[in-house]
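Keeping their order, the protein sequence lines are chains B and D.
In terms of the numbering used here, the first sequence opens at residue 228 and continues consecutively.
In terms of the numbering used here, the second sequence opens at residue -2 and continues consecutively.
Note sheet for the following structure.
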Amino acid sequence: MNSTSLPLSDDRLAPLVTAYAEAQAAKTRSHLLGFGALLVCILFSAYVAEVDGRKFVSNISNFTTYLSRLFYLENTQPVWSDFSEWFWGFGKWFTKIIETLLIAYLGTIVGAVGAFVACFLAARNLVDSRMLVFVMRRLLEICRTVPELVFALTFVVAFGLGPLPGILALAIHTFGALGKQFAEVVENIDLKPFEGVSSTGATWTEAVRFAALPQVLPNFVSYGLMRFEINVRGAAIMGFVGAGGIGQDLLEAVRKFYYSDVSAMLVMIIATVMVIDYTTEKIRHRLLGHGGAR
Amino acid sequence: MSTVPDRTMSAALPHHVGATSSMPALFVIFAALVAFVAGFAYLDISWPRVLGGLSELGRIASLMLPPTYGTTARLMGWLHALLETLAIAFLGTLLAAVIAAPLGFLAARNVVPVWIFRFSLRRLLDTFRGVDTLIWALVWINVVGLGPFAGVLAIMTSDIGAFGKLFSEAIEAADGRPGEGVTATGGTELHRVRFGLLPQVLPILVSQILYYFESNTRSATIIGIVGAGGIGLHLAEQIRTLEWQHVSFIVLMILVTVAIIDFFSARVRFAVIGANPTAEANA
């Protein structure tokens, strides 16, 4: 078998062998170069970010101590020994969780309605004016790049403390993020119905309504639900800057070292997030069939 | 028309597939509207407050123009903070990826078939992910003190959870046949993972890591609000002291930086994976 598998004579094989060796060497060189560049980036970043291995090693016990103290009550008993003591503020925190969910819900709705209008104007296949598409895209980009908390900080100054700035901050971010995703969905539609409706003399709005909308609605709802999941997490920290929800109480408990309160609130937040994630995932799967937009 | 095709047909063409399918849809829209109105009422938000705030917001917006930075020394401080932000995002993402890679393999069904082990590892990863980066930052500040290092560790911790989940999903979606081939030639379990699985998933993992780097650049801009380094501290300070022209300048700096990072990272992602990867949302 070996003798038949070498049909090339040595002199014809030689250039192939050298070419192969050269290709291999080039590959190794570019890999080495890549790793070198990565290493330089790592070292430079570590210098800029004041990474201090010694401090980390000598203080890492603080981290484990902190985590383990989360599971002990003031009276040094483990938290699960007395649930009524651990969740002493359940009523108060539960109201805050409801407030958090409402902030996420209202923010998502307001932002989604805005994104719904904007996405058709930002879709290259439906709008003839390059200028309009460009302006809409940049607007959406700004809205989703500026972090929610920055909007929230600004809105707290304008609207005062409370859930309202939180809702608006989430709404603006949702507008930017969903607007982009919606526009991408719109750009992927089948254009034939749109042309058909337009050719019957329909206006642009009518064509969008009867030819584009039916194609995109299930995906819109799916993306909207996904954004709601993300916004629930976002709403939970809005309180850090005074924009409503459970975040304010959580930040206070962390700053004052009320360990068991911190863990109780975190348990409630994580449980809420899990329930919301589970429910919306079920709805999304039903809407799109299995394996749909993920 | 039976109930099975109804799911896709009525979803795609709600106004053409009988009146039966639009009834629940109408009910859902009605319920959503009621919840919307009731929500605003419950949170005690009135029109006068919204309108008053909006006019105040308009005044603030006009005060933001034109963006300025004051002294050069201040600008240099901001540039350094911005560099710090990038370093936090870069190192945080990288550390998270390095730690999450083995965890992702361990949490994948086709690598570790033990049900109970996989389940508990996944719940642990969920917990890491469920706690927000800012909360992790508060925890790490207790350990390594104020500064960017705490930010790196915070991004690392919350991303370990996210990466662990994404990686394990990517690994489970991989084709099992190359692995079977390796086993058939006498390879061990480790050989199967190394030569049958890893080459398939590596490009996907790299593209996800880059995607998270982009997203973390955004997260790292606010992590300074709680004192964990980066531009966020300066931004929050300028907002609290009502220096709106400085605020708009810093926001512009952030926008430009993020746009540059997105541009390069998208280039690398395309080069690695060849097409638009499936990772989305979060942005």
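All residues carry an ideal CB built from backbone N, CA and C; glycine is no exception.
My output table needs one value for PRO242 (chain B): the three-state DSSP class, helix, strand or coil. helix
Please work out which residues of its chain come closer than 8 Å, Cβ to Cβ, to VAL351 (chain D), disregarding the five sequence neighbours upstream and downstream, and give them in chain order. With chain D running from -2 to 280 in the structure shown, residue 351 (chain D) is simply not present.
One or two residues paired with TYR299 (chain B) in a DSSP bridge: B:PRO305
Measure the alpha-carbon distance for THR238 (chain D) versus LEU395 (chain B) and round it to whole angstroms. 22 Å
Inter-residue spacing [alpha-carbon to alpha-carbon] between VAL344 (chain B) and PHE402 (chain B): 10 Å
To the nearest angstrom, how far is it from the Cα of PHE125 (chain D) to the Cα of ALA94 (chain D)? 14 Å
Taking CB distances under 9 Å as the criterion, tell me whether TYR209 (chain D) reaches chain B. no
Can you name the residues of chain D whose CB is closer than 7 Å to the CB of ASN286 (chain B)? VAL140, VAL141
Note down, in chain order, each residue of its chain lying with its Cβ closer than 6 Å to the Cβ of ALA404 (chain B), except the 5 sequence neighbours on either side. ARG371
With 9 Å set as the bound, which would you pick, yes or no: does the beta-carbon of ALA84 (chain D) sit closer than that to a beta-carbon of chain B? yes
If contact is defined by three or more beta carbon pairs under 8 Å, each pair taking one atom from either stretch, is the segment 385 to 399 of chain B in contact with the segment 355 to 365 of chain B? no
Between ILE496 (chain B) and chain D, is there a C-beta pair that is closer than 9 Å? yes
Listing by chain order, which chain D residues have their CB less than 8 Å from the CB of LYS323 (chain B)? Ordered by position in chain D, no residue passes the 8 Å Cβ test against LYS323 (chain B), which lies about 12 Å from the chain.
For GLY142 (chain D), tell me which candidate among D:VAL269, D:ILE258, D:LEU207, D:GLY226 has the shortest Cα-Cα distance. D:GLY226
If we count the other Cβ atoms within 10 Å of its Cβ and call it buried at 16 or more, is GLN304 (chain B) buried or exposed? exposed
Give the secondary structure of THR281 (chain D) by DSSP, where H, G and I count as helix, E and B as strand, and everything else as coil. Because chain D spans -2 through 280 in this model, residue 281 (chain D) falls outside it and cannot be assessed.
For MET492 (chain B), which three-state DSSP category applies? helix
Measuring only between beta-carbons, confirm whether PRO145 (chain D) sits less than 9 Å from chain B. yes
In angstroms, rounded to a whole number, what distance separates the CA positions of TRP75 (chain D) and ILE228 (chain D)? 7 Å
Which complete alpha helix (DSSP H) runs does the segment 327 to 404 of chain B hold, if anything under 4 residues is left out? 357 to 372, 375 to 386
Alpha carbon to alpha carbon, how far is LEU243 (chain B) from ASP237 (chain B)? Give it in angstroms, no decimals. 10 Å
What are the residues in the segment 368 to 387 of chain B lying within 9 Å of chain D by C-beta distance? GLU368, ILE369, ARG371, THR372, VAL373, PRO374, GLU375, LEU376, VAL377, LEU380, THR381, PHE382, VAL383, VAL384, ALA385, PHE386, GLY387
Can you tell me whether LEU230 (chain D) is helix, strand or coil according to DSSP? helix
Enclosing alpha helix (DSSP H) for LEU100 (chain D) [first to last residue]: 69 to 103
Could you tell me how far apart the beta carbons of VAL412 (chain B) and VAL459 (chain B) are, in whole angstroms, since I believe they sit closer than 8 Å? With a Cβ gap of about 23 Å, VAL412 (chain B) and VAL459 (chain B) do not count as contacting.
Within this structure, are the beta carbons of GLU186 (chain D) and ILE258 (chain D) separated by less than 9 Å? no
Taking only beta-carbon atoms, is ASP129 (chain D) less than 9 Å away from chain B? yes
Which residue marks the beginning of the alpha helix (DSSP H) containing GLY469 (chain B), and which one marks its end? Premise fails: GLY469 (chain B) is in no alpha helix (DSSP H) and is neither H nor E.
Are the C-beta of GLY471 (chain B) and some C-beta of chain D separated by less than 9 Å? yes
Under DSSP, the alpha helix (DSSP H) around GLY300 (chain D) begins and ends at which residues? The first residue shown for chain D is -2 and the last is 280, placing residue 300 (chain D) beyond what the model contains.
Contact defined as beta carbons within less than 8 Å: I believe PHE87 (chain D) pairs with CYS268 (chain B). What is the distance between those atoms, to the nearest angstrom? 7 Å
Interface residues of chain D facing PHE283 (chain B) [CB-CB closer than 7 Å]: VAL141
Would you kindly work out how many angstroms separate the C-alpha atoms of PRO2 (chain D) and ALA97 (chain D), rounded to a whole number? With a pLDDT of 47 at PRO2 (chain D), under the threshold of 50, the modelled position of this residue cannot be trusted; read the value that follows with caution. Cα-Cα distance, rounded: 41 Å.
Using a 10 Å radius around the Cβ and a threshold of 16 neighbouring Cβ atoms, would you call HIS258 (chain B) buried or exposed? exposed
Contact belief for LEU514 (chain B) with VAL424 (chain B) at Cβ below 8 Å, rounded distance in angstroms: Actually they are not in contact, since the Cβ atoms of LEU514 (chain B) and VAL424 (chain B) sit about 25 Å apart, beyond 8 Å.
Residue of B:ASP417, B:GLU479, B:VAL384, B:TYR332 minimising C-alpha distance to LEU40 (chain D): B:TYR332
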